[in-house]
Amino acid sequence: MNTPASTATVFDVERIRADFPLLARTVHGKPLVYFDNANTSQKPVSVIEAVASHYRLHNANVSRAVHQLGEEATTAYEGVRDKLAAFINAPSRNEVILTSGTTQATNLVAYSFVLPRLKAGDAILTTAMEHHANIVPWQLVAQRGGATVKAAPIDERGELIVERYLAMLTPEVKLACVTHVSNVLGTVNPVREIARECRKRGIPLLVDGSQAVPHRAVDVQALGCDFYAFTGHKMLAPTGTGVLWARREHLAAMPPFFGGGEMIREVRFDGTTFAEPPHKFEAGTPNIAGFIGMGAAIDYYQSLGIEAVHAWEQQLLAYATERLRDIPGLRIIGEAAEKEPVISFLLDGAQATDLATLLDLEGVAVRSGHHCAHPLMQFFGVPSTLRASLAFYNTREEIDAFVVALLKVRKLLM
Ligand code: PMP
Numbered sequence: 040m041n042t043p044a045s046t047a048t049v050f051d052v053e054r055i056r057a058d059f060p061l062l063a064r065t066v067h068g069k070p071l072v073y074f075d076n077a078n079t080s081q082k083p084v085s086v087i088e089a090v091a092s093h094y095r096l097h098n099a100n101v102s103r104a105v106h107q108l109g110e111e112a113t114t115a116y117e118g119v120r121d122k123l124a125a126f127i128n129a130p131s132r133n134e135v136i137l138t139s140g141t142t143q144a145t146n147l148v149a150y151s152f153v154l155p156r157l158k159a160g161d162a163i164l165t166t167a168m169e170h171h172a173n174i175v176p177w178q179l180v181a182q183r184g185g186a187t188v189k190a191a192p193i194d195e196r197g198e199l200i201v202e203r204y205l206a207m208l209t210p211e212v213k214l215a216c217v218t219h220v221s222n223v224l225g226t227v228n229p230v231r232e233i234a235r236e237c238r239k240r241g242i243p244l245l246v247d248g249s250q251a252v253p254h255r256a257v258d259v260q261a262l263g264c265d266f267y268a269f270t271g272h273k274m275l276a277p278t279g280t281g282v283l284w285a286r287r288e289h290l291a292a293m294p295p296f297f298g299g300g301e302m303i304r305e306v307r308f309d310g311t312t313f314a315e316p317p318h319k320f321e322a323g324t325p326n327i328a329g330f331i332g333m334g335a336a337i338d339y340y341q342s343l344g345i346e347a348v349h350a351w352e353q354q355l356l357a358y359a360t361e362r363l364r365d366i367p368g369l370r371i372i373g374e375a376a377e378k379e380p381v382i383s384f385l386l387d388g389a390q391a392t393d394l395a396t397l398l399d400l401e402g403v404a405v406r407s408g409h410h411c412a413h414p415l416m417q418f419f420g421v422p423s424t425l426r427a428s429l430a431f432y433n434t435r436e437e438i439d440a441f442v443v444a445l446l447k448v449r450k451l452l453m
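All letters in the sequence shown, in the order written, are residues 40 to 453 by my numbering.
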């Protein structure tokens with residue numbers, strides 16, 4: 040595959056790599072090849088510095104102090120909410136709830152939106168390709184409410200069978216869920232189409248955007264869903280940051296989930312009143328420095344241009360897929376027509392974990408295991424896969440080094 044010269048010059052990956060100090064290190068004496076980006080991304084200097092400079096110069100709690108530092112911290116923190124709203128084209132900053140990650144976001148929807156509406160016989164619809172964060176919270180509230188969790192099937196290529204999903208959108212479904220991009224297969228799901236059909240039936244739709252936001256432009260209004268959840272640490276931001284975007288009317292109707300400071304208007308023993316969204320859902324001191332880092336992460340994406348990121352990553356995905364397909368006995372799990380740069384695979388005669396352990400000795404970081412997607416592993420009849428997940432700061436040379444290492448460690452296991 041040839042890299043078009045125009046893209047190569049616009050997307051200067053070597054310059055970009057210089058912004059990520061960790062990429063320059065060695066592991067077991069070998070240059071690091073970091074292909075575990077779906078697990079968590081590395082952080083650019085601007086994010087690291089934003090966190091450090093918050094602690095060095097501006098540290099104070101938010102929304103509580105009238106002193107200068109408190110104002111600086113609050114302005115910086117609330118400014119990130121504005122950036123996030125613009126980044127996903129939310130109609131209002133008040134629809135952007137800051138959470139500790141996708142997991143907290145889906146649990147918030149489970150307990151605050153779904154549970155109060157559930158009655159015996161109701162259902163929550165998800166799919167067979169979901170991360171546990173988009174399965175287990177629904178099971179927990181379904182058990183309490185006498186409801187069931189249904190999973191729409193996928194096919195052997197790792198694509199959602201959309202007609203089956205739509206056929207399962209029956210009146211007892213109180214929430215439909217789907218991942219925008221699979222963390223195991225890389226499959227991109229047709230969220231717009233699903234959202235359109237959900238709206239026709241009056242069923243709210245939650246989209247897990249954890250693996251989409253790092254790779255593609257996301258516009259929640261264009262998608263047409265009701266809830267969109269994502270996590271910061273996979274998109275260059277610190278751990279413990281995340282977002283739940285939800286339509287204003289849902290947030291207005293949802294009772295608070297966590298109680299405590301920051302989320303109240305007035306507390307009295309004869310009845311407490313609550314703040315308006317988003318603060319109604321943000322009890323306690325948040326991850327202030329983490330979100331300030333997330334603001335810097337958004338700035339970084341915007342300095343590159345998310346379309347340029349996507350284009351480069353698609354080239355890397357095509358190249359890596361082509362190189363892996365050439366290896367005899369290698370089976371790629373997940374061959375959807377539209378994918379983000381995640382490649383799960385198995386190699387005949389070798390355990391995924393053994394391969395990952397040996398690859399680490401070659402400096403290559405990939406993930407092996409079930410990837411928090413047990414039902415998906417059950418569908419493919421495997422206990423685990425090896426997963427190489429790429430980011431825009433990866434290179435074709437790294438893919439070549441990965442393939443060389445894979446062939447070498449395979450020999451050791453034969
Ligand atoms: N959904 C998907 C698709 C994911 O890949 C992940 C992270 N592996 C999560 C949810 C959970 O994200 P977090 O642990 O940051 O809450």
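C-beta atoms are modelled at their ideal positions from N, C-alpha and C, and glycine is treated no differently.
If you're wondering where the values come from, they're calculated on a predicted model, not measured in any experiment.
Query: Is it buried or exposed, L445, if we count other Cβ atoms within 10 angstroms and call 16 or more buried?; Result: buried
Query: Quick check: does the Cβ of N146 come within less than 7 Å of any heavy atom belonging to ligand 1?; Result: no
Query: Since A206 sits in a beta bridge, which residues does DSSP pair it with?; Result: Per DSSP, none; premise fails for A206.
Query: If I'm right that Y204 touches T145 with Cβ under 8 Å, what's the distance once you round it to whole angstroms?; Result: About 18 Å; that fails the 8 Å criterion.
Query: Quick one: is the Cβ of S249 within less than 7 Å of any heavy atom of ligand 1?; Result: yes
Query: With DSSP as the reference, please indicate the residues paired to T113 in a beta bridge.; Result: According to DSSP, T113 bridges with nothing at all.
Query: Does the Cβ of T424 lie closer than 7 Å to at least one heavy atom of ligand 1?; Result: no
Query: Measuring straight from C-alpha to C-alpha, what distance separates P243 and E232?; Result: 14 Å
Query: Using a Cβ-Cβ cut-off of 8 Å (strictly less than) and excluding sequence neighbours within five positions of G185, which residues of its own chain qualify?; Result: L157, K158, A159, G160, D161
Query: Residues in its own chain within less than 7 Å of G263 by CB, not counting five upstream and five downstream?; Result: R231, A234, R235, R238
Query: Would you list the residues sitting across from G408 in a DSSP beta bridge?; Result: T424
Query: My output table needs one value for V448: the three-state DSSP class, helix, strand or coil.; Result: helix
Query: Give a single yes or no on whether A77 has its beta carbon closer than 7 Å to a heavy atom of ligand 1.; Result: yes
Query: Would you report the Cα separation of A285 and R132, rounded to the nearest angstrom?; Result: 11 Å
Query: Would you kindly check if the distance between the Cβ of N326 and the Cβ of S139 is under 8 Å?; Result: yes
Query: If you count every other CB in all the chains shown that lies within 10 Å of the CB of Y340, and 16 or more means buried, which is it?; Result: buried
Query: Mapping DSSP to helix, strand and coil, what is F308?; Result: coil
Query: Report the option in M302, L290, S383 whose CA atom is closest to the CA atom of E374.; Result: S383
Query: Tell me the rounded alpha-carbon separation between A206 and A336.; Result: 39 Å
Query: Report the three-state DSSP secondary structure of M40 (helix, strand or coil).; Result: Below a pLDDT of 50, predicted positions are generally treated as unreliable, and M40, at 39, falls in that range; no measurement from the model is reported.
Query: Classify E105: buried if its beta carbon has 16 or more other beta carbons within 10 angstroms, exposed otherwise.; Result: Note on identity: in this sequence residue 105 is Val, with Glu being the wrong assignment. Per the 10 Å Cβ criterion, exposed.
Query: Hey, quick one: how far does the alpha helix (DSSP H) through F330 stretch, first residue to last?; Result: 327-343
Query: Within the present structure, is the beta-carbon of A172 separated from the nearest heavy atom of ligand 1 by less than 7 Å?; Result: yes
Query: Just list the residues that DSSP pairs C216 with in beta bridges.; Result: L245
Query: Would you check if the distance between the CB atom of L415 and the CB atom of V448 is smaller than 8 Å?; Result: no
Query: Taking a contact to mean a Cβ-Cβ separation below 8 Å, would you say P294 touches I136 in this structure?; Result: no
Query: Kindly indicate which residue of L62, V52, D58, G68 has the alpha-carbon position closest to the one of L400.; Result: G68
Query: Per DSSP, what kind of secondary structure is S139 in: helix, strand or coil?; Result: coil
Query: Going by CA-CA distance only, name the one from A125, A115, D51 that's closest to G329.; Result: A115
Query: Apart from the five residues just before and just after L62, which ones in its own chain have a Cβ nearer than 7 Å to its Cβ?; Result: R56, L71, Y73, Q81, Y432
Query: Who are the near neighbours of V84 in its chain, counting only those whose CB is closer than 6 Å to its CB and skipping five residues on each side?; Result: D58
Query: Out of S428, P253, A124, T142, point me to the one whose CA is closest to H170's CA.; Result: T142
Query: Using a Cβ-Cβ cutoff of less than 7 Å, which residues in the same chain neighbour E301 once the five nearest sequence positions on both sides are dropped?; Result: S102, H318, E321, A322, G323
Query: Measure the CB-CB distance between I163 and K213 and report whether it falls below 8 Å.; Result: yes
Query: Looking at the structure shown, is G70 part of a helix, part of a strand, or coil, going by DSSP?; Result: Here the sequence assigns Pro to residue 70, which means Gly is not the residue at that position. Reduced to three states, the DSSP call for P70 is strand.
Query: Considering only residues of the same chain and omitting the five flanking positions on each side of D338, which have a CB-CB separation below 8 Å?; Result: S85, K122
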